[in-house]
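What follows is a single structure, written as structure tokens, with notes after it.
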Amino acid sequence: MPRSPLDQENTGGFDFPDVFPEELPGLPPDRNVEFAIELVPGTAPVSKRPYRMAPDELKELKTQLQEQLDKGFIRPSSSPWGCPALFVEKKDQGGKRLCVDYRPLNAVTVKNKYPLPHIDILFDQLGGATVFSKIDLRSGYHQIKVREEDIPKTAFSTRYGLYEYLVMSFGLTNAPAFFMYLMNSVFMNELDKFVVVFIDDILVYSKNEKEHEEHLRIVLSRLREHKLYAKFSNSSNGRVLCREIGDIEMPTAPEAELYNLVLEPTIKDQIIAAQKQDKGMAHIRDEIDDKKKACFKLDEEGVLWFKNRLVVPKDMEPRKKILDEAHTSMFTLHPGSNKMYQDLKQKFWWTRMKREIAKYVSECDVCQRVKADHLKPAGERVTFGPDLVTQAEEQVKFIHENLKRAQSRQKSYSDKRRRPLVFEKDDHVYLRVSPMKGVHRFGVKGKLAPRYVGPFKITEQCGPVAYRLELPPHLAAVHDVFHVSQLKKCLRVPEEVIDTSQIRIQPDLTYEEKPIKILDQKQRSTRRRTINFYKVQWSNHSEEEATWEQEEFLRTKYPGFLPSTSN
Numbered sequence: 001m002p003r004s005p006l007d008q009e010n011t012g013g014f015d016f017p018d019v020f021p022e023e024l025p026g027l028p029p030d031r032n033v034e035f036a037i038e039l040v041p042g043t044a045p046v047s048k049r050p051y052r053m054a055p056d057e058l059k060e061l062k063t064q065l066q067e068q069l070d071k072g073f074i075r076p077s078s079s080p081w082g083c084p085a086l087f088v089e090k091k092d093q094g095g096k097r098l099c100v101d102y103r104p105l106n107a108v109t110v111k112n113k114y115p116l117p118h119i120d121i122l123f124d125q126l127g128g129a130t131v132f133s134k135i136d137l138r139s140g141y142h143q144i145k146v147r148e149e150d151i152p153k154t155a156f157s158t159r160y161g162l163y164e165y166l167v168m169s170f171g172l173t174n175a176p177a178f179f180m181y182l183m184n185s186v187f188m189n190e191l192d193k194f195v196v197v198f199i200d201d202i203l204v205y206s207k208n209e210k211e212h213e214e215h216l217r218i219v220l221s222r223l224r225e226h227k228l229y230a231k232f233s234n235s236s237n238g239r240v241l242c243r244e245i246g247d248i249e250m251p252t253a254p255e256a257e258l259y260n261l262v263l264e265p266t267i268k269d270q271i272i273a274a275q276k277q278d279k280g281m282a283h284i285r286d287e288i289d290d291k292k293k294a295c296f297k298l299d300e301e302g303v304l305w306f307k308n309r310l311v312v313p314k315d316m317e318p319r320k321k322i323l324d325e326a327h328t329s330m331f332t333l334h335p336g337s338n339k340m341y342q343d344l345k346q347k348f349w350w351t352r353m354k355r356e357i358a359k360y361v362s363e364c365d366v367c368q369r370v371k372a373d374h375l376k377p378a379g380e381r382v383t384f385g386p387d388l389v390t391q392a393e394e395q396v397k398f399i400h401e402n403l404k405r406a407q408s409r410q411k412s413y414s415d416k417r418r419r420p421l422v423f424e425k426d427d428h429v430y431l432r433v434s435p436m437k438g439v440h441r442f443g444v445k446g447k448l449a450p451r452y453v454g455p456f457k458i459t460e461q462c463g464p465v466a467y468r469l470e471l472p473p474h475l476a477a478v479h480d481v482f483h484v485s486q487l488k489k490c491l492r493v494p495e496e497v498i499d500t501s502q503i504r505i506q507p508d509l510t511y512e513e514k515p516i517k518i519l520d521q522k523q524r525s526t527r528r529r530t531i532n533f534y535k536v537q538w539s540n541h542s543e544e545e546a547t548w549e550q551e552e553f554l555r556t557k558y559p560g561f562l563p564s565t566s567n
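Residue numbering for the sequence shown follows full-length UniProt numbering, beginning at 1 and increasing consecutively.
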């Protein structure tokens, strides 16, 4: 393959040695484009401590700082700003590149929306070209000055002091946009004709060598005119554009047509072709015309869709390709049937789709041999060994028997002190009742509330722990059989029995107490307000059992009880 006119050995044929210096001669000249840092309004200076470095990094840091000081790229600073410096490995020549972690500064910088070209669009410009040359700018970012008032913002902190950049540095958020603007302004007349530019990369393309030589002269003249300096690009994989310095032989037009002829049709093309041959598809098309299949539709090309999903006919070849692509390709890595179905149903549809996908995944040889979900779990005897499992089982049985014996022993001790609660027929007992828990007073003053009502006469024993009571007519809604724990023996039947008809006992053996009279009133003052208290007599209680309650509580729980206050 013939070498490009940009070969380092052949540069003497061009009168442009000054465009390819070994090092940048110094500060860049004054240009129309200067790097500016616009901050979000109200931003305060940000300063960060320097990062720790290894001894070899400190040695390299001292060397590079001195080199940049000698070139005039940096200078000592007393700026209130300061971001930490760090090293990044170079991919081309090896070694370390001094960079600055400008993330704190970038976070408060107004972003420049100057568009960067898309790589795919740039490659589209190369159609028909057969000769290419690649030019890299030497330390491209350092060939643009920083605006004078923005120099303090570029300050960076190191072990050896605080410095600031006079030229554009790596890591600044708007640096690519400013450099792209500079390159577009330099090569505005040549762009999309024979030059493609992406930030600091310049690609010159031509149809033949003679034309390419003329194009190179124009590009190098532009660089000399604007005092931009380049370097010879070495081979490096993984870059954005082609890095080989040399010619790339492209196929001619007839050869390209032959290449296109051997390309296989896409899955979509195969599905469309299969739709036209499937008789069932014709039946669905007829029903679409009759508006019987509202979910189906035909596009302008006659392709059948189901709810924006391409209908796959019964032809097994397209279906198999779809399933293979979704399950065994290097981008999918054998997903499960549910995941695979969720992915495919966004684009394709056919009858019994989910069942067919599940069957495909279950029959996959790799999934059956490798996936842990399809392996039977190993037993404990396989994991720990038969001896250890047998020993553990014996210890568990021994502990279980000891616990049962201890439980039986403790029960016997408790039963010795337990007195059986037994009543006889015609005995009188009290019945346990509870005030409603919603009334706050009875949560605090529970001792004042009656816990039992009665006494009532036992008419029948309904079991070892249940008794039937003779209840008065006003308790007819209450079931008359009670557990022994709800009863308390009446040692002497009083002559005056409490009139339980005045207490409205609910079917769940609860009753609600209400305030009936205000006996007294007082106030208690705090720093911020005055609290009113009322002495309240409650239903089913005497005046001696009255309690003090807050006004707010009474108005909330019993609206209408207190007299209204005039504002």
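Virtual Cβ for every residue (Gly too), placed ideally from N, Cα, C.
As the structure is a computational prediction, the values presented were derived from the model and not from experiment.
- Residue environment, residue 200, which counts as buried when at least 16 other CB atoms sit within 10 Å: In the sequence shown, residue 200 corresponds to position 200, counting from 1. Residue 200 should be labelled buried.
- Message: Quick check for students: name the residue ranges of the alpha helix (DSSP H) that lie wholly in the stretch 309 to 349, counting only runs of 4 or more.
- Response: 316 to 327, 337 to 344
- Option in 362, 348, 430, 417 with minimal Cα separation from residue 452: Reading the sequence shown from its first residue, position 452 is the one you call residue 452. Per the Cα distances, 430.
- Query: On the three-state DSSP scale, how would you describe residue 45?
  - Reply: As a first step, residue 45 must be located in the sequence shown, where it is residue number 45. Coil at residue 45, not helix or strand.
- Item | Sequence-distant residues of its chain with Cβ nearer than 8 angstroms to residue 33 (five each side left out) | Walking along the sequence shown from the start, residue 33 turns up at place 33. So the qualifying residues of the chain are 144, 178, 181, 182, 185.
- Simplified DSSP state of residue 525, which is helix, strand or coil: As a working note, residue 525 is residue 525 in the sequence shown. Residue state, collapsed to three classes: strand.
- Query: Nearest to residue 493 by alpha carbon, out of 46, 16, 427?
  - Reply: On the sequence shown, residue 493 is found 493 positions in, with the first residue counted as 1. With distances taken between Cα atoms, residue 493 lies closest to 427.
- Could you give the residue range of the alpha helix (DSSP H) that holds residue 218? Residue numbering aside, residue 218 sits at position 218 when the sequence shown is read from its first letter. Unbroken alpha helix (DSSP H) run through residue 218: 209 to 225.
- Message: On the criterion of 16 or more Cβ atoms from any shown chain inside 10 Å, does residue 275 qualify as buried, or is it exposed?
- Response: Counting from one through the sequence shown, the residue named residue 275 turns up at place 275. Label assigned to residue 275: buried.
- Out of curiosity, what's the CA-to-CA distance linking residue 516 and residue 481? Counted from its first residue, the sequence shown places residue 516 at position 516. Counted from its first residue, the sequence shown places residue 481 at position 481. Near 33 angstroms, if we compare the C-alpha coordinates of residue 481 and residue 516.
- Query: In the structure shown, what three-state DSSP assignment does residue 390 receive?
  - Reply: Here residue 390 is taken as the residue at index 390 of the sequence shown, counted from 1. Note: residue 390 maps to helix in three-state DSSP.
- Query: Quick one: what's got a C-beta closer than 8 angstroms to residue 51's C-beta in the same chain, skipping five residues either side?
  - Reply: Your numbering for residue 51 matches position 51 in the sequence shown. Result list for residue 51: 84, 85, 86, 101, in chain order.
- Compute the distance between the beta-carbons of residue 137 and residue 228, then report whether it is under 8 angstroms. Locating residue 137 in the sequence shown gives position 137, counting from the first residue. Locating residue 228 in the sequence shown gives position 228, counting from the first residue. In contact: residue 137 and residue 228 (Cβ atoms closer than 8 angstroms).
- Report whether the distance from the Cβ of residue 393 to the nearest heavy atom of the ligand NAD is below 7 angstroms. Only the bare structure without any ligand can be found here, which leaves the ligand NAD out of the picture.
- Task: Quick one: residues in its chain with C-beta nearer than 8 angstroms to the C-beta of residue 483, no 5 flanking neighbours on either side, listed in chain order?
- Result: Mapped onto the sequence shown, residue 483 falls at position 483. Taken in chain order, the residues that qualify are 465, 466.
- Query: Straight-line CA distance for residue 192 to residue 321?
  - Reply: Position 192 of the sequence shown, counted from the first residue, corresponds to residue 192. Position 321 of the sequence shown, counted from the first residue, corresponds to residue 321. Straight-line Cα distance between these residues: approximately 40 angstroms.
- Item | Rounded straight-line distance, which links the Cα of residue 204 to that of residue 196 | If you number the sequence shown from 1, residue 196 lands on position 196. If you number the sequence shown from 1, residue 204 lands on position 204. Approximately 7 angstroms, taken between the alpha carbons.
- Query: Which of the three DSSP states, helix, strand or coil, is assigned to residue 201?
  - Reply: Translated into positions along the sequence shown, residue 201 becomes position 201. Residue 201: strand per DSSP, three-state reduction.
- Query: In whole angstroms, what is the alpha-carbon distance linking residue 218 and residue 326?
  - Reply: One-based indexing of the sequence shown puts residue 218 at position 218. One-based indexing of the sequence shown puts residue 326 at position 326. Looking at the two C-alpha atoms, the distance is approximately 50 angstroms.
- Item | Which listed residue (476, 456, 545, 37) has its alpha carbon closest to that of residue 470 | Along the sequence shown, read from residue 1 onward, the residue named residue 470 stands at position 470. Closest option to residue 470, Cα to Cα, is 456.
- From 106, 98, 111, pick the residue whose C-alpha is nearest to that of residue 142; which is it? In the sequence shown, the residue the question calls residue 142 occupies position 142. The shortest C-alpha separation from residue 142 is found at 98.
- Query: Which term fits residue 406, buried or exposed, when burial requires 16 or more other beta carbons within 10 angstroms of its beta carbon?
  - Reply: Stepping through the sequence shown from its first residue, residue 406 is reached at position 406. Exposed.
- Enumerate in chain order the residues of its own chain whose CB-to-CB distance from residue 230 is below 7 angstroms, with the five nearest sequence positions on each side excluded. Taking the first residue of the sequence shown as position 1, residue 230 is located at position 230. 19, 20, 135, 136, 137, 138, 223, listed in sequence order.
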